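Asks: Questions regarding the structure given below will be posed in turn.
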Amino acid sequence: MKRTLSKVYEPSKVEEKWAGLWIERGYFTADPHSGKPPFSMVIPPPNITGSLHLGHALNNTLQDIMARFRRMEGYNVLWLPGIDHAGIATQNVVEKKLLAEGLSREELGREEFVKRVWQWKEESGDTIIGQLKRLGASCDWTRLRFTMDEGLSMAVREVFVRLYREGLIYRGDYIINWCPRCMTALSDLEVEHEEKSGSLYYLKYPLKDGTGSITVATTRPETMLGDVAVAVNPEDERYSKLRGKTLVLPIVEREIPIIEDPAVDREFGTGAVKITPAHDFNDFEVARRHSLPSVAVMDERAGMNENAGPYRGLDRFEARKKMVEELKEKGLIERVEDYRLSVGTCYRCRTVVEPMVSKQWFVRTGPLSRPAIKAVEEGALRFVPKSWEKTYFEWMRNIRDWCISRQIWWGHRIPAWHCKDCPHITVATTTPEGCEGCGSKDIEQDPDVLDTWFSSALWPFSTLGWPEDTEELRVFYPTSALFTSFDIIFFWVARMIMMGLKFMEDVPFRDVYIHALIRDAQGQKMSKSKGNVIDPLVMMERYGTDALRFTLAVLAAQGRDIKLAEERIEGYRNFANKLWNLARFTMMHLEDKPAESPRPDDYSVADKWILTRFKACRGQVASALDAYQFDVAAKSLYGFVWHELCDWYVEAIKPDLKGEKGETRKKTSTGVLLTVLADTLKLLHPFMPFITDEIHSYISEREESLVKEGFPQPPESYPEEASNMETVMDVIRCVRNIRVEFNIPNRAELECVVLTRKEATKRAIEEGAHYIKALSGVKEVGFITEEERPRKGVFNVARGVEGDTVEVFVPIRGYVDVEAELGRLERELEKVERELSAVKKRLSKENFLKKAPPEVVEKERGRSRELEERRERLLKGLERVRAL
RNA sequence: GGGCGGAUAGCUCAGAUGGUAGAGCGCAGCCCUUACAAGGCUGAGGUCACAGGUUCGAGCCCUGUUCCGCCUACCA
């Protein structure tokens, strides 16, 4: 088994091998019949248009860490993968491709177009799956789902029909957001608001009786042709005498009334507002209250229509310009002010959306939202971090009906059939023979498709086989956790909760872990146009997948955005290399035959220390992961591996490994090193699956992958020896510090003598003397008493055991720079005195002694004693140096 | 307009239930010591945004202020 590792870890050589092996061996395939406790997650399905970006990488790395961790803990893990058909986005992509061929979707026809999209899906759908596999995602790939699969489509139809029959889905003419580029309705959520600078135009509308005019303020003069009234506040005295009068709308010369509505803000503009129900949400409501008609002036491409008279055919922005010119000429513009306004844009194509009245399908959300609110209030479902619950409640409590129909071709066709012979609509899960109402065979399916998020909302149970009653549903629903970022809490999380409760009568997941959004090192959102994107695939290529994964984990502090700079990844690449070399070092000392387990009776202080530290690290990793604190877990591992295992333990046992201390010591240290390394690999495996499995395959006698290993058991710990070792380490630091401060060559042989007060400290140092010699390069460690305190020489103060202190003297004839040493000691003294006076001040307060808990007071007293001792020692040291 | 979050070392950030301010990176000095220069050792660096308050004690709790983000909203 003795093989040598290359000097540097080369990720590209091992990653592909392991990614393939894990899947081939079926490690990630969940078995509903396993007796183990279940742990399940559904992946947030990436779009089929997509290629892996950093958001995916983060999202899936964290899920994978959790999945692998739970698997090692002994859970029956199902992590179900899938992809999303992403209606509008995908349709846009395919349309663009067609455009390159000189084709439009209209030319192709619906059927042919949809065929093309499927073709495209086949080609590109695998891309992101392959990339997820490359990331190491331990999904159950045998259960891969797609939102347009037959099973999932069935679930969609089933839900639609049930909701429709319960009156929770309805169809009607309402004002909705319309994207004139995508040519479809959008839900409120799909509109993004942007602050832009524009103008506020003050328009004069003459009174019909010729007695004057009224001035309204608007940011959208082009919609005036669709005005059906001007509204004022009923309590606004300025306009009381105009009550009931009629205005003549300029240009088209249409007569419109002056109405009164309490919603009008008297303070804004002139206190009079034009009412355009066909192109403004607010006006739509006002018009309904007053039974006013609606006049649309634009068509579905947001061009002016026949109601726009002379402006017919113009684009809306073009029309605005021309209309303002005309009104100016006619003297109907009183003034124009600069104005900041927020405009809604389409979240898929950034086109300014146009509010329009049209016939659409809606989900009545009120009855669905109430149980969804309750579930979170009662703790059936938990947000992590908890603060996101507020955001959730805020939206849920003010939820509005959800427009679910889209005028596109790619998606789940609405399962509703219109009858040509009667007004009845037949809603059914399968194509009906004829009209339910009149029996006519002349029926036609609704041309619209459903909002993509409608099918996503069913994801946690549709993927498990619903509406069938499957084993999977019984075992794995509700899922254990959902990982996502905050930007889709409303889009997705909230809707899954509503649908899960409605159709499964239970929450879709117990925990929702909300992770950060990734930004660049300057905190800017990454975007292709800014050119600041970091491509995870390039990073994996350059630094290794494990390095990328570890970086993402370490940066995933709760409740904060992640600012990522490439140097961070490089840093964790170095960590991977460190681990690799630790393994390389370990292997160099392994015999050809399997190592025997070391006997606890033979453990050295260093052995006991590292086992104790390992136990602490193991505990931190486990509890941090339980609490979704990936950063804490990763940092703990980093610190343990690098700064405890490599920096101290390996260095401390080198003499043992060389056989300088006899065969037993050699065997024991080798054994402990190997054990700790092997168990550390298990702790690290969820974070860095590739390198850990690669190393494991070298050092373990078993062929199996770490995926099949259990999370390591905590070893025996030795607090007393561990504390002794810390004292020894501190003494070593003292000597090293003196060496560096006085510029003493490494080769120069030094001695050191220590002065301790407590017997326990002395014993610890005695027992650890060989470590001190080996690691600080001193020839001898001697002990002196107070009377023997040197008159001259330099020293440092180390921590003893139980609050004791140790003076570490290093005779350095010929090396001392008196000035430098005086400066150093004075600085140190100053610091100690500053702290001491703070502590003393505290202790001098009667109130503190009376009111603070006794153990705190005792701690302060101990600290005061320790600081005083330190101060005394420093003062004496200063004297000695001055005497030099 | 409402809401949420942030301001801690040069940079990026940790700092449960108030009790000695930490890490990574960067920086400086010294070291190619046969696991690793993608490395080792040592070190410098902080009025915890500001002003009050509660408390024996505040980075943490309360009030206010100033800057940043983000979410949300029917001020035309």
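Residue 41 is where the first sequence starts when you use our numbering, and the numbers rise one by one after that. We treat Cβ as the ideally placed atom computed from N, Cα and C, and that holds for glycine. It should be emphasised that the depicted structure is a prediction, and the values quoted were computed from it without experimental measurement.
Answer yes or no: do alanine 271 and aspartate 305 have a C-beta to C-beta separation smaller than 8 Å?
Replies: It is not a contact, given that the beta carbons lie outside the stated cut-off.
Asks: For glutamate 749, count neighbouring Cβ atoms within 10 angstroms of its own Cβ and tell me buried if that reaches 16, exposed if not.
Replies: Flag for glutamate 749 reads buried.
Asks: I need the DSSP call for glutamate 50, collapsed to helix, strand or coil.
Replies: The answer is coil: DSSP assigns glutamate 50 none of H, G, I, E or B.
Asks: I'd like the list of long-range same chain contacts for glutamate 761, defined as Cβ closer than 7 Å, with 5 residues on each side in sequence excluded.
Replies: Here the set comprises Val645, Lys648 and Trp649.
Asks: Tell me, to the nearest whole angstrom, how far the beta carbon of cysteine 478 is from that of cysteine 459; I am working on the premise that it is less than 8 Å.
Replies: Correct: roughly 6 Å between the Cβ atoms.
Asks: Between the alpha carbons of glutamate 791 and arginine 829, how many angstroms are there, rounded?
Replies: Taking the straight line joining both Cα atoms gives about 15 Å.
Asks: Just tell me which of Gly843, Glu113, Leu175 and Glu847 has its CA closest to the CA of valine 821.
Replies: For the residues Gly843, Glu113, Leu175 and Glu847, the minimum Cα distance to valine 821 belongs to Glu847.
Asks: Would a C-beta distance cut-off of 8 Å place glutamate 610 and tyrosine 583 closer than the cut-off?
Replies: Yes; because the gap between Cβ atoms is below 8 Å, this pair is in contact.
Asks: Per DSSP, which residues does proline 297 bridge with? Please list them.
Replies: Note: proline 297 sits in a beta bridge opposite Thr286.
Asks: In this structure, how does DSSP classify lysine 42 when only helix, strand and coil are distinguished?
Replies: Any reading at lysine 42 must be qualified, since the residue scores a pLDDT of 48, below 50, and its modelled position is unreliable; no value is offered.
Asks: Given that a residue counts as buried once 16 or more other Cβ atoms are within 10 Å of its Cβ, and exposed if not, what is glutamine 171?
Replies: Glutamine 171 should be labelled buried.
Asks: Helix, strand or coil for leucine 102, going by three-state DSSP, please let me know.
Replies: Three-state result, leucine 102: helix.
Asks: Is glutamate 484 helix, strand or coil when you go by DSSP?
Replies: Glutamate 484: strand per DSSP, three-state reduction.
Asks: Do three or more CB pairs link the segment 136-155 to the segment 579-599 at distances below 8 Å?
Replies: In short, these stretches do not touch, since the Cβ pair count stays below three.
Asks: Considering only the beta carbon of each residue, do leucine 287 and leucine 247 sit closer than 8 Å?
Replies: It is a contact, given that the beta carbons lie within the stated cut-off.
Asks: Under 8 Å between the Cβ atoms of tryptophan 62 and proline 121?
Replies: No, the pair does not count as a contact, with Cβ atoms beyond the cut-off.
Asks: Tell me whether isoleucine 88 sits in a helix, a strand or coil according to DSSP, three-state version.
Replies: DSSP places isoleucine 88 in coil when its eight states are reduced to three.
Asks: Just confirm the distance between the C-beta atoms of asparagine 929 and leucine 226, as a whole number of angstroms; I'd bet it's less than 8 Å.
Replies: Here the chain has residues from 41 to 924 only, and residue 929 is not among them.
Asks: Specify the secondary structure class of isoleucine 448 as computed by DSSP and reduced to three states.
Replies: Note: isoleucine 448 maps to coil in three-state DSSP.
Asks: For cysteine 459, report the span of its beta strand (DSSP E) as first-last.
Replies: Looking at the DSSP string, the run of the beta strand (DSSP E) that includes cysteine 459 is 456-459.
Asks: Aspartate 213 lies in the beta strand (DSSP E); which residues open and close that run?
Replies: Segment 209-219, the beta strand (DSSP E) holding aspartate 213.
Asks: What are the complete beta strand (DSSP E) segments, minimum 3 residues, inside the segment 519-558?
Replies: Entirely contained in the segment 519-558, the beta strand (DSSP E) runs reaching 3 residues are, in chain order, 519-525 and 549-555.
Asks: From the DSSP output, which residues share a beta bridge with proline 246?
Replies: Proline 246 pairs with Ser253.
Asks: To the nearest whole angstrom, what separates the beta carbons of cysteine 657 and phenylalanine 625, a pair I think is in contact under 8 Å?
Replies: That belief does not hold up - the Cβ atoms of cysteine 657 and phenylalanine 625 are roughly 19 Å apart, past 8 Å.
Asks: Taking contact to mean at least 3 C-beta pairs separated by less than 8 Å, is the segment 221-240 in contact with the segment 432-451?
Replies: Flag = yes, the segment 221-240 and the segment 432-451 touch.
Asks: What whole-angstrom Cβ distance do glutamate 262 and arginine 356 have, given they're in contact under 8 Å?
Replies: At roughly 6 Å, the Cβ-Cβ gap stays under 8 Å, so glutamate 262 and arginine 356 are in contact.
Asks: Can you tell which of Pro85, Leu889 and Gln660 has its C-alpha closest to the C-alpha of leucine 26?
Replies: No statement about residue 26 is possible, as the shown extent of the chain runs from 41 to 924 and does not include it.
Asks: Could you name each continuous alpha helix (DSSP H) segment of 4 residues or more that falls completely within the segment 805-838, going from the start of the chain to the end?
Replies: Segments of the alpha helix (DSSP H) lying fully in the segment 805-838: 809-816.
Asks: According to DSSP, is cysteine 462 helix, strand or coil?
Replies: It is coil, neither helix nor strand.
Asks: Let me make sure I understand the geometry here. Which of Asn87, Val921, Ile529 and Ser495 has the alpha-carbon closest to that of valine 13?
Replies: Within the shown structure, residues of the chain are numbered from 41 to 924, placing residue 13 beyond reach of any answer.
Asks: Return the bridge partner residues of alanine 271 from the DSSP annotation.
Replies: Its beta-bridge partners are Ile299 and Val313.
Asks: Apart from the five residues just before and just after arginine 913, which ones in its own chain have a Cβ nearer than 6 Å to its Cβ?
Replies: The residues are Val837 and Glu847.
Asks: Just how far apart, CA to CA, sit leucine 918 and leucine 651?
Replies: Going by the C-alpha atoms only, they are around 40 Å apart.
Asks: Express the C-alpha separation of histidine 736 and lysine 42 in angstroms, rounding to a whole number.
Replies: Residue placement at lysine 42 is poorly supported in this model, since its pLDDT is 48, which falls under 50; the coordinates still yield a value, given next. Between lysine 42 and histidine 736, the C-alpha separation is close to 13 Å.
Asks: What are the partner residues of leucine 795, as DSSP defines its beta bridges?
Replies: Leucine 795 pairs with Ile824 and Glu847.
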